[in-house]
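Line by line, the protein sequences are chains L and Z.
One rule links them: number in the numbering used here = place in the first sequence (from 1) + 183.
One rule links them: number in the numbering used here = place in the second sequence (from 1) + 183.
Where is the CB? At the ideal position from N, CA and C, for every residue including glycine.
Have a look at the structure below before the remarks.
There are 2 protein chains.
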Amino acid sequence: MDAVVLREGEQTPTVVEKPKPEPEPGEALVETLRVGVDGTDHEVINGLHGGFPDGEDHLVLGHEAVGVVVDPNGTDLTDGDVVVPTVRRTPGESNEFFERGEPDMAPSGQYWERGIEGAHGFMAEYFTSPADCLVTVPAAMADLGFLVEPVSITEKALELAYASRSAFDWNPESAMVLGNGSLGLLTLAMFEHTEGFDRTYCLGRRDRPDPTIDIIEELGATYVDSRQTAVADVPDTHEGMDVIYEATGYAKHAFETIRALEPNGVGALLGVPDSWEFEIDGGALHNEFVLHNKALVGSVNSRVEHFEAAVETLETLPEWLFDDLVTGVYGLGELDRAFDDDDTTIKTAVEFSTYEER
Amino acid sequence: MDAVVLREGEQTPTVVEKPKPEPEPGEALVETLRVGVDGTDHEVINGLHGGFPDGEDHLVLGHEAVGVVVDPNGTDLTDGDVVVPTVRRTPGESNEFFERGEPDMAPSGQYWERGIEGAHGFMAEYFTSPADCLVTVPAAMADLGFLVEPVSITEKALELAYASRSAFDWNPESAMVLGNGSLGLLTLAMFEHTEGFDRTYCLGRRDRPDPTIDIIEELGATYVDSRQTAVADVPDTHEGMDVIYEATGYAKHAFETIRALEPNGVGALLGVPDSWEFEIDGGALHNEFVLHNKALVGSVNSRVEHFEAAVETLETLPEWLFDDLVTGVYGLGELDRAFDDDDTTIKTAVEFSTYEER
């Protein structure tokens, strides 16, 4: 079968022929429909993140997949089920985090991530997966199911953020996304359509006309240009934020978030930057953090419950958003376009098959 | 009546004569037993924190009080009830935070703090208070009731900290207090006796022999000397901490806490430092925060429920702790000793009356 891989020493994805996988006991065989491409894939390709499976000279890419069960192999799944796989897998041996269904809480070294770290991904005509790592989604989601995984990332981050504010009466009204990538825009859409904030904002660094600014404004949110307004100044130029969702990986934003929050607000941090030393007014930030009961939560990955919540969320978001957000779905013949990362590209996917064609 | 005040332009408490207060409707009159002294009092005295009531040239000090109701004045209280007052009061007009019983969540400007900011404290022979700001405690707590307020501060901080970890299965085993002041030591005792951590640590910067190190070790905790071990290095020299409670006001500790936490851990920040610029590896801290699902929560003040929880906590802590922790209780004739801040002083209180004498 065809598979999209990153080979050792290369920084471009390649299509190679690999044997069709055979499911082990407890695993199902899935025919892949589409696999989304995100910033993590670009980091993996550029060698900034992740790692090959032990002893292998290549990594099958892709962690945002949707497919169709073609061999349930004795599991509870049914032939024809449309499914989305979770990403983390046991690193050979299981551990307490996987055993209690919370692989997203496992620390470094206690997981593999398919398509990212230590395990092959889903960007191939077929993949196998333990049935309990496959979330069944409505057949109507066969086309857009590759968005379940990214939305699940936000479901988890917001769950952690809200939990941190659950010990008092909290009625958030204002919310801001830092970053206008596809995850930022999906989150902004959730802020508007499922989270019910009164006023939403999205930070970017783009000139108009720009397709992401168009989406931001079509959603009813306010675009904030980070070249004109530092995150720390947002309370002065706009208002303090009850919720901030950081999806830029720009470390200064993480710390300026403390300043940009409204009293009793929470910032969810999602970015994974490299080492970078800079100066902060740590005393003033510490003081502000305490005197206004603020919180910061870091969040990575997601688990089955978040995938299930993401399915419901995707059913709530408007159709036009997906039309504007998904700027291209490409077959293996146009692989380079799927991995484009220019200002007209928002979200892409690689298509292996369609639900109807099967 | 006698009252301990800070006068404008001075940095030493003085005993002055003031009229005995008369309770307004809804208020009770309380005869003061003891009022504790803490770091905030020292900051107020040194002009680093707080402010006088509008139009007044002095501030009655003290926010950690215990007293006896001597005039219930038609409230639900009873003559002879031993009570502890909460600290925050409406700043003239009420607001949503007070109306829903969460004054501790009110932002700056929306509260006064008795003995600290905008309102006279409790360090006088009598004080009045709205009955709903008086928490009734067992008569047996007449002597040590001045510890209810500081313990309530930790009750709230831990409530926020645990809430932030409530969205997943979390079984904290290791906990560290940064700071060996009286609040730090009380919190360490809670970590050992009511919070049930398996291994506890306390950071200080003292040489042995030292009475706080003695308490730390008597509690069964490990003393960590910050001059030998930076907070960020604690995972290397000891272990990562599931919970860190910062009670130093040293801003670098707040940010190094991110590094010192175990994956999925939480740091509660309590210190209120001044502006201080320094360099951090913000990229590495941001990365660590996210990839290990860490959380930081700031916490200030406390509300009635936390005072009630503090009463239960104080009943659980061992007697020897109070004997060692409370290094002096002084009458007005020895006021200077109550405000000592040397290495042999841990916790002091000013005594106005005793429960038995009344």
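Rounded C-alpha distance that separates residue i from residue j
i                      : j                      : result
residue 525 of chain L : residue 407 of chain L : 20 Å
residue 307 of chain Z : residue 444 of chain L : 39 Å
residue 418 of chain Z : residue 440 of chain Z : 10 Å
residue 460 of chain Z : residue 318 of chain Z : 41 Å
residue 305 of chain L : residue 245 of chain L : 5 Å
residue 271 of chain L : residue 333 of chain Z : 44 Å
residue 214 of chain Z : residue 541 of chain Z : 9 Å
residue 462 of chain Z : residue 411 of chain Z : 20 Å
residue 286 of chain Z : residue 491 of chain Z : 15 Å
residue 188 of chain L : residue 251 of chain L : 21 Å
residue 381 of chain Z : residue 466 of chain L : 32 Å
residue 362 of chain Z : residue 494 of chain Z : 23 Å
residue 457 of chain L : residue 290 of chain L : 18 Å
residue 222 of chain L : residue 420 of chain Z : 36 Å
residue 311 of chain L : residue 225 of chain L : 24 Å
residue 254 of chain L : residue 522 of chain L : 30 Å
Delimiting residues of the alpha helix (DSSP H) encompassing residue i
i                      : result
residue 376 of chain L : 365-376
residue 503 of chain Z : 502-508
residue 489 of chain L : 487-499
residue 137 of chain L : Look at the range of chain L in this structure, 184 to 541, and you will see that residue 137 of chain L is not part of it.
residue 467 of chain Z : 465-474
residue 417 of chain L : 417-420
residue 276 of chain Z : Residue 276 of chain Z -> no alpha helix (DSSP H), and no H or E assigned at all.
Where residue i sits in the DSSP three-state scheme
i                      : result
residue 225 of chain Z : helix
residue 386 of chain L : strand
residue 201 of chain Z : coil
residue 288 of chain L : helix
residue 324 of chain Z : helix
residue 522 of chain Z : coil
residue 315 of chain Z : helix
residue 241 of chain Z : strand
residue 380 of chain L : coil
residue 397 of chain Z : helix
residue 440 of chain Z : helix
residue 430 of chain Z : coil
residue 210 of chain Z : strand
residue 267 of chain Z : strand
residue 481 of chain L : strand
residue 234 of chain Z : strand
residue 460 of chain L : strand
residue 516 of chain Z : helix
residue 414 of chain L : helix
Interface residues of chain Z facing residue i [CB-CB closer than 7 Å]
i                      : result
residue 435 of chain L : 465
residue 350 of chain L : 342, 343, 346
residue 469 of chain L : 434, 437, 452, 454, 456
Beta-carbon neighbours of residue i, restricted to chain Z and to distances below 8 Å
i                      : result
residue 475 of chain L : 290, 291, 481, 483
residue 478 of chain L : 343, 347, 478, 479, 480, 481
residue 490 of chain L : Per Cβ cutoff of 8 Å: no residues; residue 490 of chain L is ~15 Å from chain Z at best.
residue 229 of chain L : Simply none; closest approach about 16 Å.
Contacts of residue i in chain Z (Cβ-Cβ under 9 Å)
i                      : result
residue 241 of chain L : Chain Z residues near residue 241 of chain L: none, gap ~25 Å exceeds 9 Å.
Run of the beta strand (DSSP E) containing residue i, from where it starts to where it stops
i                      : result
residue 447 of chain Z : 444-452
residue 361 of chain L : 357-361
residue 250 of chain L : 247-254
residue 532 of chain Z : 530-534
Interface residues of chain L facing residue i [CB-CB closer than 8 Å]
i                      : result
residue 363 of chain Z : Simply none; closest approach about 19 Å.
residue 460 of chain Z : 462, 463, 464, 465, 466
residue 472 of chain Z : 437, 452, 479, 481
Neighbour flag for residue i against chain C, beta carbons, 9 Å
i                      : result
residue 287 of chain Z : Going by chain labels, chain C is absent from the structure shown, which instead holds the protein chains L and Z.
Partner residues on chain L for residue i, Cβ-Cβ distance less than 7 Å
i                      : result
residue 283 of chain Z : 352
residue 447 of chain Z : 288
Distance between beta carbons of residue j and residue i, contact taken as under 8 Å
i                      : j                      : result
residue 350 of chain Z : residue 242 of chain L : About 31 Å; that fails the 8 Å criterion.
residue 340 of chain L : residue 536 of chain L : Going by Cβ atoms, the distance from residue 340 of chain L to residue 536 of chain L rounds to 31 Å, so no, they are not a contact pair.
residue 514 of chain Z : residue 531 of chain Z : Contact flag wrong, Cβ pair sits at about 12 Å.
residue 384 of chain Z : residue 405 of chain Z : 5 Å
residue 475 of chain Z : residue 447 of chain Z : 7 Å
residue 366 of chain L : residue 430 of chain L : 5 Å
residue 409 of chain L : residue 388 of chain L : 5 Å
residue 505 of chain Z : residue 327 of chain Z : 6 Å
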